[in-house]
Amino acid sequence: MVKSYKLKIKLSYVSFLKERAEKFLVIAQVSFDKGFYDMVLFNVEQYIQLYVKYFIYLKSGDYPKSHDLIKLFNYLKTIYEKKCVDDFIKENIDLLSVLQQAYISSCYMPIEYTRDQAEKVLRLVEEFKEMVQQCLTS
Numbered sequence: 001m002v003k004s005y006k007l008k009i010k011l012s013y014v015s016f017l018k019e020r021a022e023k024f025l026v027i028a029q030v031s032f033d034k035g036f037y038d039m040v041l042f043n044v045e046q047y048i049q050l051y052v053k054y055f056i057y058l059k060s061g062d063y064p065k066s067h068d069l070i071k072l073f074n075y076l077k078t079i080y081e082k083k084c085v086d087d088f089i090k091e092n093i094d095l096l097s098v099l100q101q102a103y104i105s106s107c108y109m110p111i112e113y114t115r116d117q118a119e120k121v122l123r124l125v126e127e128f129k130e131m132v133q134q135c136l137t138s
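Take the sequence shown: its position 108, counting from 1, is numbered 108 in UniProt numbering, and each next residue is one higher.
In structure tokens, the structure reads:
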């Protein structure tokens with residue numbers, strides 16, 4: 001009885017990560033439409049961070065309690081042992097660093113982002129989805 005209860009909690013928690021990630025993406029898109037580009041970057045970072053944690057959790061049953069996007073990606077690369085994750089990191093390290101900074105600065109620093117930067121991170125979302133589809137779900 002206790003074992004099935006714990007399993008239900010784990011399944012609902014992993015579902016929560018995925019569902020919350022999807023909500024952050026919707027908020028990012030609405031923020032883009034309203035011209036709130038700093039919030040686009042923050043919410044895209046949250047979307048990617050939670051999705052990475054989701055995939056780490058699926059493979060390992062837990063995830064690092066870190067908000068460092070690059071460390072999370074490196075952990076994902078380690079546990080999945082897939083070159084495509086490493087390629088994604090290498091190709092997008094600059095944007096991942098910008099997203100990481102956006103997460104940190106969102107509450108504490110008056111950093112503004114441009115429409116161009118917001119468009120780039122929204123394109124990054126599409127690349128991330130492609131990588132996930134081709135690399136982690138097949």
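C-beta: ideal position from N, C-alpha, C; glycine also. The structure displayed is predicted, hence computed values, not measured ones.
Along the chain, where does the alpha helix (DSSP H) that runs through residue 85 open and close? Against the sequence shown, residue 85 aligns to sequence position 85. Counting along the chain, the alpha helix (DSSP H) containing residue 85 begins and ends at 83-108.
Assess contact between the region 38-50 and the region 75-92, defined as three or more Cβ pairs (one per stretch) separated by less than 8 Å. Is contact present? no
Under the criterion of a Cβ to heavy atom distance below 7 Å, does residue 39 qualify as lining the ligand SAH? Within the structure as shown, the ligand SAH is missing, as the structure has no ligands at all.
Find the nearest neighbour of residue 118 within the set 65, 31, 55 and 74, judged by alpha-carbon distance. By 1-based counting over the sequence shown, the position of residue 118 is 118. Closest by alpha carbon: 31.
Close beta carbons around residue 71, own chain, < 8 Å, minus the five adjacent residues each side: Translated into the one-based positions of the sequence shown, residue 71 becomes position 71. So the qualifying residues of the chain are 64.
Reference residue 36, options 55, 17 and 102, closest by Cα: Reading the sequence shown from its first residue, position 36 is the one you call residue 36. The residue with the shortest Cα to Cα distance from residue 36 is 102.
Can you say whether residue 45 is buried or exposed, counting buried as having 16 or more other CB atoms within 10 angstroms of its CB? Taking the first residue of the sequence shown as 1, we reach residue 45 at position 45. That one is buried.
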